[in-house]
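Below: one structure, written as structure tokens.
There are 2 protein chains.
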Amino acid sequence: MQSVNELRDIKFFENLSQEELDQLATISRKRRFSKGEVLFYEKDEPRFLTLLTDGILKVYKTDPKNNEIVLHRFNPKSLIAEMAVFEGVPYPASAAFETDGTVIEIDFIKFKENFLCSPDIAFAFFKSLTQKIKYLEDVIALNIVLDSTARVAKYICENEDALQMKHNQLAQYLHMTPETLSRVFKKFAKLGFIEKEGSSYTIKNHEALTILFE
Amino acid sequence: MQSVNELRDIKFFENLSQEELDQLATISRKRRFSKGEVLFYEKDEPRFLTLLTDGILKVYKTDPKNNEIVLHRFNPKSLIAEMAVFEGVPYPASAAFETDGTVIEIDFIKFKENFLCSPDIAFAFFKSLTQKIKYLEDVIALNIVLDSTARVAKYICENEDALQMKHNQLAQYLHMTPETLSRVFKKFAKLGFIEKEGSSYTIKNHEALTILFE
DNA sequence: GTTATTTGTTGATATATATCAACGCATACT
DNA sequence: AGTATGCGTTGATATATATCAACAAATAAC
Chain A
1 MQSVNELRDI KFFENLSQEE LDQLATISRK RRFSKGEVLF YEKDEPRFLT LLTDGILKVY
61 KTDPKNNEIV LHRFNPKSLI AEMAVFEGVP YPASAAFETD GTVIEIDFIK FKENFLCSPD
121 IAFAFFKSLT QKIKYLEDVI ALNIVLDSTA RVAKYICENE DALQMKHNQL AQYLHMTPET
181 LSRVFKKFAK LGFIEKEGSS YTIKNHEALT ILFE
Chain B
215 MQSVNELRDI KFFENLSQEE LDQLATISRK RRFSKGEVLF YEKDEPRFLT LLTDGILKVY
275 KTDPKNNEIV LHRFNPKSLI AEMAVFEGVP YPASAAFETD GTVIEIDFIK FKENFLCSPD
335 IAFAFFKSLT QKIKYLEDVI ALNIVLDSTA RVAKYICENE DALQMKHNQL AQYLHMTPET
395 LSRVFKKFAK LGFIEKEGSS YTIKNHEALT ILFE
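Residue numbers (this note's numbering), protein chains in the order written: chain A, 1 to 214; chain B, 215 to 428.
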């Protein structure tokens with residue numbers, strides 16, 4: 001059971017009537033997680049439609065050498081793994097919180113019956129699915145098409161917060177070792193594309209970096 | 215303008231009334247392509263919702279070294295790149311026919327207004343989107359998580375026709391050079407997992423191959 | 001403020017895969 | 001028939017990145 005007011009603040013549900021929100025509240029509930037906690041594991045059966053309302057959630061696979069391969073970092077408010085729920089297949093990856101966070105879990109069978117036929121909700125759902133496809137295509141473009149240098153260039157150009165992240169973690173997102181990342185940064189610094197200021201770098205030549213991945 | 219009978223044979227539209235099919239026919243048209251022809255290029259603006267009705271269509275990106283990176287091989291009947299049409303963004307990849315083929319092009323704006331609100335069609339659309347997500351996750355799992363040996367093992371276990379394909383082409387799908395593929399086959403043959411019969415290989419030890427990628 | 005722990009850097013080496021080059025074996029051409 | 005053309009194989013070498021090890025720098029703990 002979930003507070004009606006909180007539901008209304010979620011973009012997905014902004015057009016629902018009071019009555020509908022009440023009904024939605026009866027089929028959903030809120031759960032809190034601490035940093036590091038796992039929301040679900042790869043191969044788990046999904047039981048709820050999950051909406052991330054707070055915190056950062058990473059979705060990852062584990063390769064044969066036990067490296068985590070991060071597929072997605074979700075910010076609120078996002079639907080999580082609706083594909084698996086919709087298809088009734090096991091989760092294709094695991095999900096863990098990078099910060100404290102909260103999710104709303106919705107009974108999907110009832111949701112599908114009573115809400116998914118509404119054009120607004122269906123449209124929001126389409127949007128979420130197409131966004132996810134876009135995101136996955138980017139992941140592929142980033143990781144299969146580009147080499148380490150180009151990956152770093154692209155990521156720091158397109159994500160403002162990248163240079164503030166721990167290099168450890170950044171390396172993980174970019175699917176390379178911290179050593180390789182360190183060497184790429186060193187190279188960029190030598191070329192004058194970035195510069196060390198205090199403990200982190202800043203971009204000095206955005207254009208040059210852009211050329212590296214286009 | 216598109217023959218009504220042909221539209222009815224497409225699973226997406228099987229539940230439409232005669233009247234609706236007639237209307238759909240007025241906003242769609244059929245196009246034929248020969249082997250090798252390009253349906254669209256990366257960065258083109260999508261202008262129609264495209265449904266592959268015949269032939270095999272490959273969707274690919276080109277990397278900085280001009281290698282083709284095949285993201286998807288579509289068999290009929292599939293919606294193609296509906297994400298781009300839906301989001302109104304340029305195609306994220308190019309598409310070319312591997313065989314002769316045909317597509318139906320549908321005016322998306324009119325389709326959205328008049329058909330997408332129908333639950334049956336919306337549901338088929340959901341299905342197509344979620345399938346695509348599943349597919350992309352598989353591409354990622356195959357190409358980022360697994361090494362060459364595991365990729366080949368997985369692909370020949372899961373695709374019956376893989377061993378009949380030209381090695382050249384198979385190598386391209388698996389994102390490796392023909393030389394590497396040849397060496398992997400040689401290794402598998404030496405281990406007795408596959409055996410050369412005439413000009414192609416057959417699987418002799420399915421289980422052993424499975425272990426390699428799980 | 002000193003010590004301990006984590007995070008980042010650097011160099012040496014290992015490894016997987018690509019690249020390059022040569023050649024054998026098909027199939028198609030005429 | 002013989003010759004051309006493309007496909008597949010093999011070996012030698014190059015390349016990018018991972019791995020390992022040592023250390024430096026930063027942050028946290030006491």
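Built from N, CA and C at the ideal position, the CB exists for glycine as well. Please read all numbers here as calculations on a predicted model, not as lab measurements.
- 9 Å or more divides the Cβ of Lys275 (chain B) from the Cβ of Leu266 (chain B).
- A distance below 6 Å between beta-carbons, with the five flanking residues on each side excluded, links Pro76 (chain A) to the following residues of its chain, in chain order: Leu52, Thr53 and Asp54.
- Under the three-state reduction of DSSP, His389 (chain B) is assigned to coil, being neither helix nor strand.
- When Cβ-Cβ separations below 9 Å define contact, Phe227 (chain B) makes no contact with chain A.
- When DSSP states are grouped into helix, strand and coil, Phe399 (chain B) belongs to the helix group.
- With contacts defined by Cβ atoms closer than 9 Å, Pro392 (chain B) and Ala403 (chain B) do not form a contacting pair.
- Comparing alpha-carbon positions, the option among A:Phe125, A:Leu7, A:Met165 and A:Leu146 lying closest to Asn280 (chain B) turns out to be A:Leu146.
- In summary, no residue of the segment 188 to 202 of chain A has a CB separated from any CB of chain B by less than 9 Å.
- A contact is defined here as three or more CB-CB pairs under 8 Å, and the segment 295 to 303 of chain B meets this definition with respect to the segment 128 to 137 of chain A.
- When CB distances to chain B are screened at a threshold of 7 Å, the residues of the segment 51 to 65 of chain A falling below it are Lys61 and Asp63, in chain order.
- Note: Ala310 (chain B) is bridge-paired with B:Val252 and B:Lys272 in the DSSP secondary-structure output.
- In this chain, the beta strand (DSSP E) harbouring Phe247 (chain B) covers Ser242 to Phe247.
- With fewer than three CB-CB distances shorter than 8 Å, the segment 113 to 133 of chain A does not count as touching the segment 155 to 167 of chain A.
- Among the residues facing chain B, Cys117 (chain A) is included, as its CB has a counterpart in that chain under 9 Å away.
- Exclusion of the five residues before and after Glu68 (chain A) leaves Tyr60, Thr62 and Gln172 as the residues of its chain whose Cβ lies within less than 7 Å of its Cβ.
- In the three-state scheme derived from DSSP, where H, G and I count as helix and E and B as strand, Ser414 (chain B) is classed as strand.
- Nearest to Glu256 (chain B) by alpha-carbon distance, out of B:Lys249, B:Ala307 and B:Ile370, is B:Ala307.
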